[in-house]
Structures are given as C-alpha cells and as structure tokens.
Amino acid sequence: MEEGMHPNEICNPTEIQWQPVIVRLRGGIERKVCGPLQGFEILSRHMVGPNSNISANAARCCRLALERKMTPEQARQAFVAATMDQELRAN
3 MEEGMHPNEI CNPTEIQWQP VIVRLRGGIE RKVCGPLQGF EILSRHMVGP
53 NSNISANAAR CCRLALERKM TPEQARQAFV AATMDQELRA N
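Here it is as structure tokens:
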C-alpha cells in the first residue's frame with residue numbers, strides 16, 4: 003500500500019477517514035493523508051525520532067481509531083500535532 007496520496011488524489015471511501023491533511027515530507031514531497039491507516043504509515047516511515055512521545059502517541063491514536071476505540075478526529079488531531087513536532091508540516 004502506498005504511504006500517502008498525491009494531494010490531488012481522491013480518498014478511498016472504504017477506509018476510516020478524517021478530514022484530509024496535506025503533509026510535506028522531507029525532500030518537499032506532499033502527501034494527502036485521509037485517515038488513520040495512512041497516518042500510521044506516514045508516522046512509521048517518516049518519524050525523525052521514533053522515541054518522540056508525541057509521535058508515539060499519534061501512532062497509538064491512529065491504531066486505536068483503526069480499532070474503532072477512538073474517533074478518527076481525535077486521531078487526526080494527534081497526527082497533526084506529531085507532524086508539527088516532526089517538522090513534516092501539515093496543512
């Protein structure tokens with residue numbers, strides 16, 4: 003599975019979704035992140051410091067949203083905080 007989508011791609015309606023977040027990865031590549039599955043994949047592959055509490059919490063929140071134990075919006079907020087902490091720059 004791809005780690006993210008090009009900003010112009012349409013989200014897959016069968017996955018758990020949140021309001022899309024555009025992140026700029028190192029190297030200037032932009033990706034549209036449409037839900038906790040993609041959020042978890044981005045965090046797993048692009049975290050600067052895997053021991054970062056904010057990033058670890060965001061990954062945990064994404065996993066909980068996938069298990070339907072947390073709302074997608076709560077996981078999205080944690081994901082945005084982690085991208086800001088990791089300087090991935092969320093829009």
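Numbering of the sequence shown is given in this note's numbering, commencing with residue 3 and proceeding in unit increments.
Where a beta carbon is used, it is the ideal one built from N, C-alpha and C, also for glycine.
CB of residue i within 9 angstroms of CB of residue j, strictly
| i | j | result |
| --- | --- | --- |
| phenylalanine 81 | isoleucine 31 | no |
| alanine 84 | proline 74 | no |
For residue i: DSSP bridge partner residues
| i | result |
| --- | --- |
| isoleucine 18 | Answer is none; isoleucine 18 lacks a bridge partner. |
| isoleucine 24 | Lys34 |
As assigned by DSSP and simplified to three states, the class of residue i
| i | result |
| --- | --- |
| isoleucine 31 | coil |
| arginine 78 | helix |
| arginine 70 | coil |
Neighbour-count burial assignment, residue i, 16 or more Cβ in a 10 Å radius
| i | result |
| --- | --- |
| glutamate 17 | exposed |
| glutamine 88 | buried |
| arginine 33 | buried |
| phenylalanine 70 | As written in the sequence, residue 70 is arginine, which differs from the phenylalanine given in the question. Exposed, by the Cβ-count rule. |
| arginine 78 | buried |
>> If contact is defined by three or more beta carbon pairs under 8 angstroms, each pair taking one atom from either stretch, is the stretch 25-40 in contact with the stretch 54-62?
In response: no
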